[in-house]
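Scroll down for the structure; my scribbles are underneath it.
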Amino acid sequence: MELSILNLFLVLFVAWIGGQLAVRLGYPSVLGELLAGIIFGPPLLGILFGSDAINVLAELGVIMMMLYIGMEIDPRELGKASKGGVLAALGGFIVPFALGLWIVVASGGTTIAGVFVGMAMGVTSLATKSRILVDLKILDTRIAYVMLAGALVADTLSLVIFAGILSFATVGKLDLLMISTIAVKILLFFFVSWLLGLKVFPFLYKWLKQRNITGRTFNATLILLIALAFAELAHLAELHSILGAFIAGLVLREAITVKKLSHELTDLVKDVSLGFLAPIFFVTAGFQVSLEVIRTDTTLLIGTIVLATVGKVVGTTLFYLPSGYGWREGLTIGAGMNGRGAVEIVIAGIGLNAGIISQEIFSILVFMAIITTATVPVLLKIGVEWLDKRNELVRSTIGKEDIVIVGAGSLARLFAKALVSKRPITMIDSNETNCKKAAEMGLKANYGDALDDIILRDAGIDSTGTLISMTPNAEVNVLIAKRSYEEFLVPQIFAAIIDEREKGLIKQLETVGGKLLFDRKVNILEWENMINNDQIILEQIKIESGSKNELEKKIPTDTLPMIIVRENKKYVYDGFESVNKGDLIFTLFRKPDPNTK
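Residue 633 is where the sequence shown ends in my numbering, and the numbering goes up by one at each step.
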């Protein structure tokens with residue numbers, strides 16, 4: 037089994053080019069990688085080719101990718117998924133699954149092939165939606181939360197169901213004893229996974245750490261060994277190895293002593309999987325596509341694409357109705373959940389390699405993934421604009437209630453103390469003294485660099501609804517704001533900007549929907565100096581009419597409006613437009629100079 041280095045180089049090169057082009061156009065890189073395989077591989081130009089060695093790397097890529105997906109999913113979010121998210125997940129999976137099964141059987145295919153097509157039609161691409169939600173600036177809406185929760189539930193359930201179905205499919209003839217045996221093996225696999233992941237591995241890692249048998253290289257090797265061990269464990273249970281890798285990712289995230297380890301090495305796993313091995317799989321998946329299906333199986337191809345889209349949209353809409361949020365919102369969510377991606381291609385590829393589906397069916401599923409995903413940005417944008425025009429686009433941070441404040445200087449501490457309510461607040465500062473002073477005021481403050489993902493995660497950035505970055509460094513504030521929005525999907529962002537010369541930073545902040553903290557440029561160090569020298573006073577300003585003249589008079593430009601209190605709830609002040617009649621505004625005023633008459 038000889039590996040052609042030139043062929044591997046070209047596979048990775050076209051994967052990178054295709055992936056980058058897809059991302060620039062607003063689509064997931066997997067679509068570009070698939071198209072690169074189709075164009076440069078045997079289906080069209082025939083420049084690239086597969087081999088046993090390439091196939092081994094591709095299979096390893098799938099295992100590593102599923103490990104990464106597992107590490108990115110928080111199992112607790114499954115339990116917190118809203119009623120709407122669960123309904124959307126069920127409707128978006130069950131209806132297209134049934135339609136996929138029907139169209140294959142009606143076309144003369146086997147039932148098990150229909151099941152695989154139904155599975156592929158029912159899954160949803162979580163990564164696709166996350167990027168689109170950022171681009172459309174709707175992360176703080178109810179539909180965004182429902183789509184993310186729905187995709188999380190649907191993809192997790194589909195992987196588990198897929199593994200079970202594959203076990204039955206590979207056995208062939210079934211009887212009651214065989215079914216019972218498979219069921220016991222599946223249950224045993226999950227029990228052993230739980231035991232190893234949450235009991236044995238954390239103890240083992242702690243034992244190794246106490247003996248200084250750790251380090252970045254060792255930790256990386258340990259994670260890879262755990263992933264392969266779980267993959268083999270799944271194989272022994274007659275499940276597919278991808279389920280084992282996926283479960284390994286979940287337990288690595290959740291294991292108590294390994295939690296920090298998994299966070300530290302998530303980026304490494306991402307780079308190895310999505311940056312190197314997984315693209316090989318998607319390009320070689322493109323190699324196996326037959327363009328002949330466009331001519332020979334036109335009806336089945338078009339029917340599959342149409343039913344996948346209609347099933348996803350209509351199924352989501354119908355199942356979403358009991359949520360009470362209306363059919364228009366359900367329709368928009370269905371359009372947003374219509375994209376497929378990595379999981380769908382993995383399922384189709386395994387079905388092809390196992391001989392369960394034909395090359396023609398596999399090709400149809402690849403085209404279905406490409407075309408349905410291509411419709412998501414267009415259909416979702418139309419739906420969002422439709423809801424917005426009807427004033428039905430509900431802004432909400434449901435499920436993301438925490439507040440993270442970056443900076444714990446005297447101004448930030450005063451701000452946090454005024455903002456304290458039922459919503460949890462966590463401060464982050466690289467100055468240990470500031471953190472101690474915050475703790476003395478009864479505030480939770482984590483010591484560390486907020487540019488470090490581990491520090492952000494420890495502060496609860498994954499469940500944060502509002503991030504406020506107010507260090508004395510405007511560039512750091514904007515950088516943290518952008519990362520929080522793009523990487524952690526924080527819906528509401530505020531950042532402090534220091535002076536007029538930083539217009540470029542304001543534009544960067546606006547690209548992620550961020551807002552200028554205090555709705556004005558503020559010299560943080562100057563205000564902290566005044567606070568430290570007892571030169572300011574905090575007052576509660578009562579708004580009588582809410583007119584611009586009243587606001588300009590009561591909150592002049594040399595003051596610092598911080599918090600709005602409305603109906604016993606507190607909000608970050610973000611401009612005159614956010615103020616209503618009857619509001620209280622916590623505002624900092626400069627004390628009069630006693631030497632000035």
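The C-beta atom is built at its ideal place from N, Cα and C for all residues, glycine as well.
- The C-beta of Q324 has 16 or more other C-beta atoms within 10 Å across all chains shown, which makes the residue buried.
- Under the 8 Å Cβ criterion, the stretch 480-496 does not count as touching the stretch 415-426, having fewer than three qualifying pairs.
- For G73, the uninterrupted alpha helix (DSSP H) segment begins and ends at 65-76.
- In the same chain as T623, and ignoring 5 residues on each side of it, the C-beta atoms closer than 7 Å to its own belong to E575, I577, I591, T595, L596, P597, M598, in chain order.
- Inclusion of L479 and I461 in the CB contact set at 8 Å is warranted, their separation being smaller than that value.
- The beta carbons of L137 and G128 sit about 16 Å from each other, so the pair does not count as a contact at 8 Å.
- N482 is bridged by DSSP to I464.
- In the DSSP assignment, no residue is bridged to K458.
- By a beta-carbon distance limit of 8 Å, A199 does not contact A125. Their separation comes to about 18 Å.
- Within the stretch 564-628, the runs of alpha helix (DSSP H) at least 4 residues long that lie entirely inside it are, in chain order, 584-590.
- Across the set N604, P628, T593, F625, the C-alpha of T593 shows the shortest separation from the C-alpha of F612.
- Between the C-alpha atoms of F133 and V350 there is a straight-line separation of about 13 Å.
- F530 carries a strand assignment under DSSP once its states are collapsed to helix, strand and coil.
- In the DSSP annotation of this structure, the continuous segment of the beta strand (DSSP E) that includes V440 starts and ends at 438-442.
- When DSSP states are grouped into helix, strand and coil, G501 belongs to the strand group.
- DSSP places T469 within a helical segment (H, G or I) once states are collapsed to three.
- In the three-state reduction of the DSSP assignment, K557 falls in the coil class.
- Sixteen is the threshold: when 16 or more other Cβ atoms of the shown chains lie within 10 Å of the Cβ of P527, as they do, the residue is buried.
- Of the other Cβ atoms in all chains shown, fewer than 16 fall within 10 Å of the Cβ of G540; this residue is therefore exposed.
- For V442, the number of other beta carbons within 10 angstroms of its own is at least 16, and it is reported as buried.
- Its chain contains L541 as the residues whose beta carbon lies nearer than 7 Å to that of E511, once the 5 sequence neighbours on both sides are disregarded; these appear in chain order.
- A residue is called buried when at least 16 other Cβ atoms come within 10 angstroms of its Cβ; D307 does not meet this threshold and is exposed.
- In the three-state reduction of the DSSP assignment, T160 falls in the coil class, being assigned neither a helical nor a strand state.
- Within the same chain, and ignoring the five residues on either side of L310 in sequence, the residues whose Cβ sits closer than 7 Å to its Cβ are M101, Y104.
- For A390, no alpha helix (DSSP H) encloses it, and the DSSP letter there is neither H nor E.
- In the three-state reduction of the DSSP assignment, T320 falls in the helix class, which pools H, G and I.
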